[in-house]
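Worksheet for the structure shown next.
Given below as structure tokens:
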């Protein structure tokens, strides 16, 4: 059993014992997403990388919901989503700093001799595997676009 999946189950059990409704609800949704992936017909066995991707997907959903709730004048629901997002973010590694992302982008640009705006797609394809799970794709794209000007 992957370490992340095992830790999530242990944390869910502990949250139930502690009667922490927010953590219980959030971890149940995450566990549900993991189980859905497992029964989706994928021939691969779930691993920590897939679990991390699922956590990131859940966080992205929370960000989108927060934005929509704020636009709709529902700060109470936005706050709940923010708290759920904080629970999920605890499972991810420390995100890369913008400075570290810039270093990786510059090195990749030099290694692959990509300096024009038409190279954005190729550059992103080369960079994303290096920062997967450690940096937000939107942040990486912003840095790439800045450096290619």
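In this note's numbering, the protein residues as written are 1254 to 1402.
Glycine included, every Cβ here is placed at the ideal spot set by N, Cα and C.
These numbers were taken from a predicted model, which means no experiment stands behind them.
Is the Cβ-Cβ distance between residue 1277 and residue 1288 less than 7 Å?
Numbered from its first residue, the chain shown carries residue 1277 at position 24. Numbered from its first residue, the chain shown carries residue 1288 at position 35. No, these two residues do not count as a Cβ contact at 7 Å.
So, at 6 Å on beta carbons, what are the nonlocal neighbours of residue 1355 in its own chain, with the 5 sequence-adjacent residues on each side left out?
Numbered from 1 along the chain shown, position 102 holds the residue referred to as residue 1355. In its chain, beyond the 5 residues on either side, 1396 have a beta carbon closer than 6 Å to the beta carbon of residue 1355.
Measure the alpha-carbon distance for residue 1302 versus residue 1384 and round it to whole angstroms.
On the chain shown, residue 1302 is found 49 positions in, with the first residue counted as 1. On the chain shown, residue 1384 is found 131 positions in, with the first residue counted as 1. Rounded to the nearest angstrom, the two C-alpha atoms are 13 Å apart.
Since residue 1370 is in the alpha helix (DSSP H), which residue starts that stretch and which ends it?
The residue labelled residue 1370 in the question sits at position 117 within the chain shown. Careful: residue 1370 lies outside any alpha helix (DSSP H) and carries neither H nor E.
Environment of residue 1279 [buried if 16+ CB atoms lie within 10 Å]
Within the chain shown, the letter at position 26 stands for residue 1279. Counting every other CB atom within 10 Å of its CB across the protein chains shown gives residue 1279 a total of 16 or more, marking it as buried.
Based on Cα-Cα distance, which residue from 1298, 1275, 1401 and 1309 lies nearest to residue 1347?
As a working mapping, residue 1347 is identified with position 94 in the chain shown. Here the closest residue by C-alpha is 1309.
Outcome for residue 1292 when other beta-carbon atoms lying within 10 angstroms are tallied against a minimum of 16
Start at 1 with the first residue of the chain shown, and residue 1292 comes out as number 39. When all chains shown are included, residue 1292 counts as exposed.
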